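Okay, so here's the structure we're looking at.
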Amino acid sequence: MSNALKKVLVLNGPNLGRLGKRQPEIYGHTTHDELAAMCIDWGHALGFAVDVRQSNHEGDMVDWLNAAADKDIPVVLNAAAWTHYSYAIYDACAQLTAPLIEVHISEPLERPEVFRHTSVVTPHATAVVAGKGIDGYHEALQVIASKLGTP
Ligand code: DQA
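Taking UniProt numbering, the leading residue of the sequence shown gets 1, the next gets one more, and so forth.
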C-alpha cells in the first residue's frame, strides 16, 4: 500500500478571498492565507494532503468539482453566496462520489436574509458544519477522516 497522503480539496467561493477584511464581526479576523495554512496543518495531522483553493468565478468552482468527481476526491466546500442559488454548483455537487462536507463560517440559517436559508449544496452533502467560525473547517476535515476510516 502507498504511503502517499490522501488528497482532500478545500474549496472556497466568492468573497472568501477577503477573509480578515470582510465583515470581521461576522467572519472573524483570520485571512484566507492563514485559513489555508491551518487547513493544510489540520489535514496533515489527519493523514491528508489538503489543497485549498478560492475563486470568485463560478466556472472555476465547477471545473474543480468536476475534477474531484473524476478522481473520487473528498471535498470541503464553502460555496459562499453560490450556496444559495447556483444550480451549476448543485449539479456539480451531485456528481461527487467521495464525502462532501458543506462548511459555512457563519450560520446562514440564523441570519436575517431569507435568501441565506436555502442551500443547493445540502442535498448532496455528507454533513454540514455551520456557525463554528474557522474551526468549522477543522471539524469538516475530521468528519472526512471518520467517514474514510483514516487514523
Ligand atoms: C458563508 C455564508 C453565505 O451566506 C455567504 O454568502 C458567504 C459566506 C459563510 O461562510 O458563512 O459568503 O458561506
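From the three backbone atoms N, C-alpha and C, an ideal C-beta is built for every residue, glycine too. Model, not experiment: these values are computed from the prediction.
Exercise. Alpha carbon to alpha carbon, how far is LEU148 from ALA37?
Worked result: Your numbering for residue 148 matches position 148 in the sequence shown. Your numbering for residue 37 matches position 37 in the sequence shown. Going by the C-alpha atoms only, they are around 23 angstroms apart.
Problem set entry | Buried or exposed by the 16-neighbour rule on C-beta atoms within 10 Å, applied to THR83 | Numbered from its first residue, the sequence shown carries residue 83 at position 83. The residue in question, THR83, is buried, as its Cβ has 16 or more Cβ neighbours within 10 Å.
For this session: Answer yes or no: the CB of ASN15 versus the heavy atoms of ligand 1, is any distance below 7 angstroms?
Result: Start at 1 with the first residue of the sequence shown, and residue 15 comes out as number 15. For ligand 1, at least one heavy atom lies less than 7 angstroms from the Cβ of ASN15.
Exercise. So ALA79 packs on GLY13, CB below 8 angstroms; how close in whole Å?
Worked result: As a working note, residue 79 is residue 79 in the sequence shown. As a working note, residue 13 is residue 13 in the sequence shown. Right, their Cβ atoms sit about 5 angstroms apart.
Exercise. Helix or strand or just coil, what does DSSP make of GLU107?
Worked result: Along the sequence shown, one-based indexing puts residue 107 at 107. Coil.
Problem set entry | Per DSSP, the bridge partner or partners of LYS6 | One-based indexing of the sequence shown puts residue 6 at position 6. Per DSSP, PHE48.
For this session: Could you tell me the distance, in whole angstroms, from the CA atom of GLU25 to the CA atom of LYS132?
Result: Here residue 25 corresponds to residue number 25 of the sequence shown, with the count starting at 1. Here residue 132 corresponds to residue number 132 of the sequence shown, with the count starting at 1. Roughly 13 angstroms between the two C-alpha positions.
Problem set entry | Spatially closest choice to HIS29 from SER146, ILE105, ALA45, by CA coordinates | Translated into positions along the sequence shown, residue 29 becomes position 29. The alpha carbon of HIS29 has as its nearest neighbour, out of SER146, ILE105, ALA45, the alpha carbon of ILE105.
Problem set entry | Distance, ASN56 Cα to ALA94 Cα | Position 94 of the sequence shown holds residue 94. Position 56 of the sequence shown holds residue 56. For ALA94 and ASN56, the distance between alpha carbons rounds to 21 angstroms.
Exercise. Out of curiosity, what's the CA-to-CA distance linking SER86 and ALA140?
Worked result: Numbered from 1 along the sequence shown, position 86 holds the residue referred to as residue 86. Numbered from 1 along the sequence shown, position 140 holds the residue referred to as residue 140. Their backbone Cα atoms lie some 22 angstroms apart in a straight line.
Exercise. Just curious, the alpha helix (DSSP H) that ALA127 is in, first and last residue?
Worked result: Residue 127 sits at position 127 when you count from the first residue of the sequence shown. ALA127 -> not in any alpha helix (DSSP H); beta strand (DSSP E) instead, spanning 127 to 130.
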